[in-house]
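Protein chains in written order, with the working numbering: chain A, 756 to 765; chain B, 3 to 214.
Idealized CB from N, CA, C, for every residue including glycine.
As the structure is a computational prediction, the values presented were derived from the model and not from experiment.
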Amino acid sequence: KGRPETHDEL
Amino acid sequence: MNLFRIAGDLSHLISIFVLLHKMRTSKSCIGISFKSQVLYLVVYVTRYLDLLWTFQHSAYNSLMKIIFIGSSAYTIYLMLNDFKPTHDPNIDTFKVEYLIGGSAILALLFPYKWTTAEVLWSFSIWLESVAILPQLFMLQRTGEAETITTHYIFALGAYRALYIPNWLYRYFMESYTDPIATVAGIIQTILYSDFFYIYYTKVLKGRKFELP
Numbered sequence: 756k757g758r759p760e761t762h763d764e765l
Numbered sequence: 003m004n005l006f007r008i009a010g011d012l013s014h015l016i017s018i019f020v021l022l023h024k025m026r027t028s029k030s031c032i033g034i035s036f037k038s039q040v041l042y043l044v045v046y047v048t049r050y051l052d053l054l055w056t057f058q059h060s061a062y063n064s065l066m067k068i069i070f071i072g073s074s075a076y077t078i079y080l081m082l083n084d085f086k087p088t089h090d091p092n093i094d095t096f097k098v099e100y101l102i103g104g105s106a107i108l109a110l111l112f113p114y115k116w117t118t119a120e121v122l123w124s125f126s127i128w129l130e131s132v133a134i135l136p137q138l139f140m141l142q143r144t145g146e147a148e149t150i151t152t153h154y155i156f157a158l159g160a161y162r163a164l165y166i167p168n169w170l171y172r173y174f175m176e177s178y179t180d181p182i183a184t185v186a187g188i189i190q191t192i193l194y195s196d197f198f199y200i201y202y203t204k205v206l207k208g209r210k211f212e213l214p
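Now the structure itself:
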């Protein structure tokens, strides 16, 4: 998967 | 979402409450670096700009982002108004220009994408990794700190330290990687390591935070 389009961490 | 990430986020929340509690009970911001607080506000505002277009993606993330930006702005408001007389700029002298400049250069050189939002996100990650330096520098100058101030710094440092096992977990379980955040998070944890050590050896054993 790698990195998603939006950052899902804070 | 895994246990490490939840623990990290909770640690961050705790640090905010500890800081506000410290200021309210002591009616002062003695020992708190105004420069670090301003850097954190810059970090949260530049990173969480995505609230404008990802607000509906995750209620949890959006709520936390609003809390981080809001509490950070509120802390600065308190330091500039209610507790201004207790702030001593003469011991808060770290040159933050280098931190901002260095973060900006790294962000421009290696963003995931050359878009405004991604460069600002990357900038915020690098800046966060060093934003504690004015605070640690101030501790070093004064040589000691109130116990509650050290609890605040510990909780804030633990947040990114706990993200490291979170990234390892995600790498193995989800094949997820975020090299910028991971490298910056490791740097951040290293910067705190001296502090963690003194906190562990002194404060946890019921003694005052004093530099050796």
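Spatial neighbours of Y46(B) within its chain, please: CB distance less than 7 Å, with the 5 preceding and 5 following residues excluded, ordered by chain position.
Within the same chain, Cβ atoms closer than 7 Å to the Cβ of Y46(B) are found at F70, I71 and S74, the five residues on either side in sequence being excluded.
Jot down the residue ranges of each uninterrupted alpha helix (DSSP H) in the segment 46-93 of chain B, minimum 4 residues, whole runs only, in chain order.
Taking only runs of at least 4 residues, the alpha helix (DSSP H) segments lying wholly in the segment 46-93 of chain B are 53-56 and 61-82.
Would you please state the rounded distance, in angstroms, between the beta carbons of S38(B) and A133(B)? I believe it to be under 8 Å.
Sure, about 6 Å apart at Cβ, within 8 Å.
Can you give me the Cβ contacts of F85(B) inside the same chain, cut-off strictly under 8 Å, excluding the 5 residues immediately before and after it?
If you ignore the 5 residues before and after F85(B), its C-beta comes within less than 8 Å of the C-beta of M25, K29, S30 and C31, all in its own chain and listed in chain order.
If we cut at 8 Å on Cβ distances, does M66(B) have a partner in chain A?
So, interface residue.
Whose C-alpha, out of L21(B), N92(B), Y173(B) and A119(B), is nearest the C-alpha of L80(B)?
Nearest of L21(B), N92(B), Y173(B) and A119(B) to L80(B), Cα basis: L21(B).
Counting only beta-carbon separations shorter than 8 Å, does R7(B) have a partner in chain A?
Interface criterion met: the Cβ of R7(B) is under 8 Å from a Cβ in chain A.
Within 10 angstroms of its Cβ, does F156(B) collect 16 or more other Cβ (buried), or is it exposed?
The residue is buried, with at least 16 neighbouring Cβ atoms inside 10 Å.
For N63(B), would you say it is in contact with chain A, using Cβ-to-Cβ distances shorter than 8 Å as the test?
At least one CB of chain A lies nearer than 8 Å to the CB of N63(B).
Output the distance between the C-alpha atoms of T152(B) and K115(B), rounded to the nearest integer angstrom.
Going by the C-alpha atoms only, they are around 37 Å apart.
By the DSSP assignment, the alpha helix (DSSP H) with A157(B) in it spans what residues?
Residues T149 to E176.
In the segment 107-141 of chain B, which residues sit with their C-beta less than 8 Å from some C-beta in chain A, listed in chain order?
So the list reads Y114 and W123, given in the order they occur along the chain.
At a cut-off of 7 Å, would you count N92(B) as near the ligand SAH, judging by its Cβ distance to the nearest heavy atom?
Looking for the ligand SAH in the displayed structure turns up nothing, as the structure carries no ligands at all.
Distance, Cα to Cα, F57(B) vs L765(A)?
In this structure, the CA atom of F57(B) is about 13 Å from the CA atom of L765(A).
Would you check if the distance between the CB atom of L164(B) and the CB atom of A61(B) is smaller than 8 Å?
With contacts defined as CB atoms closer than 8 Å, L164(B) and A61(B) fail to qualify as a contacting pair.
Is it buried or exposed, W55(B), if we count other Cβ atoms within 10 angstroms and call 16 or more buried?
Result: exposed.
Show which residues of chain A have a CB atom less than 9 Å away from the CB atom of A183(B).
H762 and E764, listed in chain order.
Looking only at C-alpha atoms, which of S126(B), M3(B) and K97(B) sits nearest to A106(B)?
Distances from the alpha-carbon of A106(B) to those of S126(B), M3(B) and K97(B) put S126(B) closest.
Going along the chain, which residues of its own chain have a beta-carbon closer than 7 Å to the beta-carbon of D94(B), five neighbours each way excluded?
Around D94(B): S35, F36, K37, P136 and M140.
At 7 Å on the CB atoms, spell out the chain A contacts of T56(B), in chain order.
Residues of chain A whose Cβ lies closer than 7 Å to the Cβ of T56(B) are, in chain order, T761.
Take D11(B) and list the residues in its own chain whose beta-carbon comes closer than 8 Å to its own, dropping the five residues that flank it on each side.
Counting only Cβ-Cβ distances below 8 Å, and skipping sequence neighbours, we find M66 and Y161.
Let me see if you follow: with CB-CB separation under 8 Å, is D52(B) close to chain A or not?
True, the Cβ-Cβ gap to chain A drops below 8 Å.
Identify which residue in H89(B), A119(B), F96(B) and L129(B) has its Cα closest to the Cα of G103(B).
Scanning H89(B), A119(B), F96(B) and L129(B) for the CA closest to the CA of G103(B) turns up L129(B).
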